[in-house]
Structure formats: C-alpha cells, structure tokens
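Notes for the one structure printed next.
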Amino acid sequence: MVEEEGMSPYFPTIFYCLYAIIFTLAFVGNTFALITCYKTYKVTTSVLLCYIASLASADLMFTLLSIFDLIAFIGNGDWFGGNPVCKIQSFLIESCYTVSILTLVAISYERLKAVSSPVLARAQNRTTERTIILKIIWVIGIASCGPLLYAYYVKKDEETSDKSMCVNEYMGDLGRQIYYAIQAGLLFVLPLGLMIWTHVRIVQLLSRHVKTRNSAMTDNRDGLKTT
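Structure below.
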C-alpha cells in the first residue's frame with residue numbers, strides 16, 4: 001500500500017491489526033455458531049436455530065468477501081479480480097448484510113412471541129412457516145441488491161491508466177442516491193425501528209410477568225398466614 005500525504009505511518013499497521021482481530025473473531029465465531037446449530041438441530045429441531053444459522057451464514061460470507069476489499073486497499077485501490085468478480089463481490093457483500101438485518105428482525109419477533117405467550121409458542125409447530133420466512137428473507141436480500149450487478153464495474157483510473165478500480169457509477173449520482181435512500185429506509189431504518197419496538201415490548205412484558213408473579217407469591221404467603 002502506498003501511503004497518502006498526511007496519513008500517519010502507523011495507520012496501515014493499526015488498520016491491519018484491527019482487521020485481523022475482527023476477521024478472526026467473525027470467522028471463528030460464525031463458524032462455531034454454524035457447527036453448534038447443526039449439532040443442536042439434530043437433537044432438537046428448534047426453528048430459532050435456523051434463524052441463527054442463517055444469520056451466521058450471511059455474516060460469515062460477508063467476512064470472507066471482505067478479503068477482496070482488503071487486497072484492493074493493500075494495492076492502493078487497484079482491483080485485481082476483473083469485472084465479473086467486482087460485480088459479484090459487491091452484489092453479494094451488500095446482500096449479506098441486508099439478510100443479516102432482516103434475520104435479526106425475524107429473531108426479535110420470535111423472541112417477542114415467546115415472551116408474550118410462551119405456552120402457545122412451545123405448543124405451535126410452525127417449522128414450515130418459518131422456513132418459508134427464511135427463504136423470503138434471502139430472496140428479498142438478493143433481489144433488493146440485484147441492481148448492483150449492473151451498477152458496479154471495473155474502471156481504469158484516469159490519472160494512472162495501469163490501475164483498475166471497482167466502482168458504482170452506472171446508476172449515476174442521482175440514481176445511486178435514490179437507490180441507497182430507498183434501501184436505507186426500507187432495509188435499515190424500518191427494521192431498526194421494528195427491532196427497537198419489539199425489545200421495548202419484551203422489556204414491558206417481562207416486567208409485567210415479574211409483577212404478576214410477585215403479586216401471586218404475596219397472595220399465597222398471605223393465604224398461608226391466614227390459615
């Protein structure tokens with residue numbers, strides 16, 4: 001990597017160390033999660049394990065795809081993989097974090113249902129329905145990022161014609177702004193709002209359950225004293 005003017009000479013070292021730590025934690029953690037889900041699923045077919053496995057798969061794929069960006073960073077922005085790799089990597093890496101966000105929403109909703117009606121949640125066997133939800137999540141993630149297969153391409157640097165860069169320019173500035181504004185609203189802000197709402201509801205329901213249990217215990221003690 002060629003150091004830019006004004007950049008601290010320690011910056012590349014710090015960056016590589018941080019990347020190595022984050023990459024290792026993400027790779028080991030998500031791989032361990034997938035193995036654990038697989039082993040546990042053979043014992044108990046919990047649908048929550050499917051959600052966790054989906055989340056771990058998307059995060060693991062995102063982690064591995066980030067290697068291409070690291071290599072480009074080391075090469076001072078020079079893209080080495082050619083046009084097909086540029087399109088596929090950019091498309092998949094954004095699809096993965098979209099799937100991760102939507103899967104977190106689904107997990108939050110499942111937790112809310114389990115807290116609001118735990119007996120009903122255990123009694124209902126909705127494996128097929130939730131498997132369909134997982135498939136829909138992946139379809140939405142892939143379809144919403146489909147335009148990026150067109151938008152990204154390898155471009156020769158105007159200053160140094162020997163350098164290739166993977167850029168998103170085919171949409172144009174306005175098209176790119178509109179696309180990412182819609183994507184941010186529907187696939188980030190809205191899911192974030194839903195997750196905040198579900199966790200607020202979970203806290204409220206748990207507090208209500210605790211109050212109800214404490215009240216019941218108090219009534220039982222009073223009844224025992226009376227007798």
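Under full-length UniProt numbering, read the sequence shown as residues 1 to 227, first letter to last.
C-beta atoms are modelled at their ideal positions from N, C-alpha and C, and glycine is treated no differently.
DSSP state of residue i mapped onto helix, strand, coil
| i | result |
| --- | --- |
| S46 | coil |
| C145 | coil |
| A123 | A caution first: A123 carries a pLDDT of 48, below 50, which makes its placement in the model unreliable, though a value can still be read off. Residue state, collapsed to three classes: helix. |
| S164 | strand |
| Y152 | strand |
| N76 | coil |
| M195 | helix |
| Y16 | helix |
| E158 | coil |
| Y51 | helix |
| M171 | coil |
| S117 | coil |
| Y97 | helix |
| Y180 | helix |
| G29 | helix |
| G185 | helix |
| Y41 | helix |
Beta-carbon proximity list for residue i, same chain, < 8 Å, skipping 5 on both sides
| i | result |
| --- | --- |
| N168 | S90, L148, A151, Y152, R176 |
| P191 | I101, L102, L104, V105 |
| S207 | none |
| L49 | C37, T40, Y41 |
| V200 | none |
Residue i and residue j closer than 8 Å at C-beta
| i | j | result |
| --- | --- | --- |
| L65 | I93 | yes |
| I52 | A33 | yes |
| G77 | K163 | yes |
| F15 | T63 | no |
| Y109 | L70 | no |
| F68 | G81 | yes |
Closest Cα partner of residue i within the set the options
| i | options | result |
| --- | --- | --- |
| G75 | I137, T36, M165 | M165 |
| L112 | G29, I14, R213, L194 | L194 |
| C145 | V200, Y38, D78, A184 | A184 |
| I35 | Y10, A56, S117 | A56 |
| F27 | Y19, L60, L18, C17 | L60 |
| H209 | G81, S117, F68, A143 | S117 |
Contacts around residue i, its chain only, beta-carbon distance under 7 Å, and the 5 residues preceding and following it disregarded
| i | result |
| --- | --- |
| G141 | S95, T98, V99, L102 |
| I202 | R111, L112, V115 |
| F188 | I101 |
| N83 | Y153, V154 |
| Y179 | P147, M171 |
Any non-hydrogen atom of the ligand GDP within 7 Å of residue i CB
| i | result |
| --- | --- |
| I22 | In terms of ligand content, the structure shown is empty, and the ligand GDP therefore cannot be addressed. |
Exposure label - residue i; buried when at least 16 CB within 10 Å
| i | result |
| --- | --- |
| I137 | buried |
| W79 | buried |
| N30 | buried |
| A123 | Residue placement at A123 is flagged as unreliable, the pLDDT there being 48, under the threshold of 50; a coordinate-derived value is accordingly withheld. |
| F11 | exposed |
| A58 | buried |
| K87 | buried |
Nonlocal neighbours in the same chain, by C-beta distance under 6 Å from residue i, ignoring five residues either side
| i | result |
| --- | --- |
| S54 | T103, L134 |
| W197 | none |
| R130 | V47 |
| R213 | none |
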